[in-house]
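Please read the structure below before turning to the comments.
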Amino acid sequence: MIKYILGLVITLAIIIVAVTIGANNDQIITFNYLIAKSELRLSTLVAVLFGIGLLLGWLITGFFYLKLKLQNMALNRRIKRQAQQINELTLPKAE
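Counted the way the UniProt record's numbering counts, the sequence shown spans residues 1 to 95.
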């Protein structure tokens, strides 16, 4: 429970910092990207790039977390199977 609250507090702090930085930059800039170019306020550009970075970070972290979870489940199944095999070999059979 504490880790969820801590995660929420950290996320809110990051969002507040991003909004504060973005709110103070009202300059209009020309942003050139591969296909075209557009004129945006600096605060909008900062917010969009921050959001894209945040989503990309969560996707990458989620991918590796899922990969480790699946690996952990497979190893736990393997341990149970091996423990069963050890019990079958060590316990005397009732005749």
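Yeah, the Cβ is synthetic: ideal placement off N, Cα and C, and Gly gets one too.
Residues that DSSP places opposite E39 in a beta bridge
In DSSP, E39 forms a bridge with T30.
For N25 and F31, the rounded distance between their alpha carbons:
C-alpha separation (whole angstroms): 15 Å.
If you reduce the DSSP assignment to three classes, tell me which class M1 lands in.
Coil.
DSSP state of N25, grouped into three classes?
Of the three classes helix, strand and coil, the one that applies to N25 here is coil, per DSSP.
Since L42 and Q27 should fall inside the 8 Å C-beta cutoff, what is the C-beta to C-beta distance between them, to a whole number of angstroms?
About 5 Å; that satisfies the 8 Å criterion.
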